[in-house]
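Going by this note's numbering, the sequence shown opens with residue 563, and the numbers climb by one from there.
Each residue gets a CB set at the ideal place from its N, CA and C atoms; glycine is no exception.
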Amino acid sequence: MSAVAAAADTADGTEAKGGSKKLIIIIAAAVAIVLVAGGLMMKMMMAPKETPKDPAKEKGAVVALKDDMTLNLADGRFLKTQLSLQLSEEATLAAGGEKALANFDGSMARDAAIQILSRYSYNQLLKPAQREAAQVALSKEVFERYEGKVLQVYFTQFVMQ
563 MSAVAAAADT
573 ADGTEAKGGS
583 KKLIIIIAAA
593 VAIVLVAGGL
603 MMKMMMAPKE
613 TPKDPAKEKG
623 AVVALKDDMT
633 LNLADGRFLK
643 TQLSLQLSEE
653 ATLAAGGEKA
663 LANFDGSMAR
673 DAAIQILSRY
683 SYNQLLKPAQ
693 REAAQVALSK
703 EVFERYEGKV
713 LQVYFTQFVM
723 Q
């Protein structure tokens, strides 16, 4: 009988240890779930609220100016370029949509391009950083001339000789 009692004690001890391990695993899993759920809730609460879009700052249609232009650079060389203008959504809607922009007046943008780009030399515009600076300066000038209706100027052709 002592062998049977010893076997019962061993079985009870093993079950007690196994039972406590299962309890620890269950508690740890529950804590992990609570932490993950809390983290998701915090993330959702801390997420930036979507602000209403300003049509004057949102990108609208891109208008390609019809003709390319050739201008003199500061060192006597030539630049042949063509421009496209990124309009604001507000300007696109005011013009009657993208199809109505076929007759967009790009004369102020062309004049700004002549004034800005003719200040640069061939060697300056060969450098990508200088070309980007020229594009930024031109975009800023065109933005002002069109009273914020043109957000950016793109070079769709840029050939120097």
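Original post:
D637: which of Y682, L700, A623, E706 sits nearest, CA to CA?
Top reply: Y682
Original post:
Secondary structure at G622, three-state DSSP: helix, strand or coil?
Top reply: strand
**OP:** Check whether the Cβ atoms of T718 and A675 lie closer than 8 Å to each other.
**Re:** Their beta carbons are not under 8 Å apart, which means T718 does not touch A675 by this criterion.
**OP:** Please state if the CB of L713 and the CB of F621 are separated by a distance shorter than 8 Å.
**Re:** The sequence given here places Lys at residue 621; Phe does not occur at that position. Yes. Within cutoff.
**OP:** Measure the C-alpha to C-alpha separation of A623 and I588 and round it to an integer number of angstroms.
**Re:** 58 Å
Subject >> Cut-off 7 Å between Cβ atoms - residues of its own chain near Y708, not counting five sequence neighbours on either side >> reply: M670
Original post:
Mind checking Q723: buried by the 16 CB within 10 Å criterion, or exposed?
Top reply: exposed
Original post:
With burial defined as no fewer than 16 other Cβ atoms inside 10 Å of the residue's Cβ, what is the status of I678: buried or exposed?
Top reply: buried
**OP:** Might you give, ordered along the chain, the residues of its own chain that have their beta carbon closer than 6 Å to the beta carbon of R693, omitting 5 neighbours on each side?
**Re:** L687
**OP:** Look at A653 and K711 and say whether their C-beta atoms are less than 8 Å apart.
**Re:** yes
Subject >> CB-CB length for L627 against S646, believed under 8 Å >> reply: 7 Å
Subject >> Which of helix, strand or coil DSSP assigns to L647 >> reply: strand
**OP:** Identify the continuous beta strand (DSSP E) that holds F705 and give its terminal residues.
**Re:** Here F705 belongs to no beta strand (DSSP E); instead the alpha helix (DSSP H) covers 690-707.
Original post:
What is the rounded straight-line gap between the Cα of Q648 and the Cα of L602?
Top reply: 39 Å
Original post:
Does the beta-carbon of L635 have 16 or more other beta-carbons within 10 angstroms, so that it is buried, or is it exposed?
Top reply: buried
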